[in-house]
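Working notes, structure below.
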């Protein structure tokens with residue numbers, strides 16, 4: 003589970019190589035626990051494994067939050083991890099836009115909207131531009147909401163603290179991260195107010211409303227809101243503004259809307275292709291308008307009885323029963339194809355024709371030509387016989403044998419090639435290896 007309460011974070015302040023040991027990193031463990039054998043993650047995608055742990059200079063079986071920690075790592079070279087990096091027990095996306103609560107110290111100068119500052123977080127720092135939310139200037143000793151645009155992406159979490167310095171190195175203030183994945187042109191005051199309140203009941207619906215097609219698990223909500231997962235779980239219980247599908251929570255109404263979009267897509271498919279009313283699972287996911295995990299949760303929900311989900315696709319429950327009029331049309335069409343033999347007339351891929359193809363009663367030759375399965379099998383056997391007797395077959399030879407026109411003979415030879423019965427050699431065809439037989 004990916005919960006805020008157990009995420010291990012180690013900002014690295016030193017990284018070096020010890021002869022006979024390998025890469026060693028040190029830092030103060032901010033949260034969580036790290037044990038030998040754990041696989042950690044870096045923002046750049048590396049996955050070093052912990053070979054050994056030391057707490058305050060002594061070998062240990064586990065490093066706890068707050069402890070001065072050294073880790074012996076494998077799976078990474080000396081240049082892979084540097085001072086300022088952060089090691090995590092699972093991946094957390096880095097961001098360049100942070101919505102924050104910033105506060106100036108009493109002795110600082112006023113901070114103007116748009117000014118550039120130096121941001122310090124953990125063991126890392128970068129330049130950033132401050133965009134105040136509701137004023138043009140922040141006075142010393144006061145605080146305000148702001149958005150920080152960082153020059154480099156940082157891994158931060160809700161509740162993290164940071165220090166701001168002027169570009170000449172003078173400390174001017176600091177603040178708290180509210181939203182580490184800020185979006186939109188301007189911060190949303192109601193969202194930031196909910197985050198600052200630390201009230202899960204207030205913040206959860208707003209968090210879900212910001213991801214209507216994705217939803218969030220309890221663990222993801224815990225991470226975003228900076229609250230313990232048990233508090234988030236209590237807030238989710240009996241909240242009419244939230245609905246849960248599988249283990250994913252969404253804003254109320256989103257699942258119903260997604261189901262309606264899927265039903266509309268299935269009804270259109272059934273009307274357009276009554277002989278094959280099923281859509282693929284991938285098409286069904288797209289039709290819901292939801293992210294893949296949430297769409298899969300909707301399709302897997304046993305209470306959603308309005309659709310039929312199988313290994314091959316998704317359809318309306320009774321859509322696979324062929325309408326009587328289409329059945330009659332298909333029966334008449336099959337009789338016509340059987341009567342035509344090796345010279346079927348040109349035809350369109352009508353629903354009746356597609357139904358016959360789906361059932362295996364008809365095959366497509368190409369070039370708007372369709373034929374009965376029995377006719378196709380008969381012609382292929384004739385091609386095999388001629389090839390075994392003569393070693394090869396030409397277009398004119400098949401034409402004369404079938405008593406057809408050149409157009410049909412060409413279509414049958416191309417069909418034979420596609421079926422893997424023959425292969426072309428110059429102007430003739432020969433049997434493929436698996437169809438050759440000793441005379």
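In my numbering, the protein residues as written are 3 to 441. The C-beta atom is built at its ideal place from N, Cα and C for all residues, glycine as well.
Sequence-distant partners of residue 66 (beyond 5 residues in either direction) whose C-beta falls short of 8 Å from its own C-beta, in its chain, are 31, 35 and 57. Residue 99 sits in a strand when the DSSP states are folded into three classes. In terms of Cα proximity to residue 408, the closest of 397, 138 and 174 is 397. Around the CB of residue 93, fewer than 16 other CB atoms lie within 10 Å, so the residue is classed as exposed. The beta-bridge partner set that DSSP reports for residue 373 consists of 365.
Annotated three-state conformation of residue 257 is helix, per DSSP. Going by C-alpha positions, residue 337 is about 14 Å away from residue 345. In this structure, DSSP gives residue 169 a state outside helix and strand, which the three-state scheme calls coil. Residue state for residue 399 is assigned as helix, using DSSP reduced to three classes. By alpha-carbon distance to residue 367, the top candidate from 353, 386, 383 and 347 is 347. Counting C-beta atoms within 10 angstroms of its own C-beta, residue 378 has 16 or more neighbours from the protein chains shown and is therefore classed as buried. For residue 121 and residue 237, the gap between their C-alpha atoms comes out near 34 Å. By the criterion of a C-beta distance shorter than 7 Å, residue 245 is surrounded in its chain by 252, 254 and 257, once the five residues flanking it on both sides are discounted. Annotated three-state conformation of residue 12 is strand, per DSSP. From the listed residues 335, 50 and 45, the smallest Cα separation to residue 24 is found for 50. Straight across, the Cα-Cα distance linking residue 434 with residue 425 is about 6 Å. By the Cβ neighbour-count rule, residue 221 is buried, with 16 or more other Cβ atoms within 10 Å of its own.
Counting C-beta atoms within 10 angstroms of its own C-beta, residue 177 has 16 or more neighbours from the protein chains shown and is therefore classed as buried.
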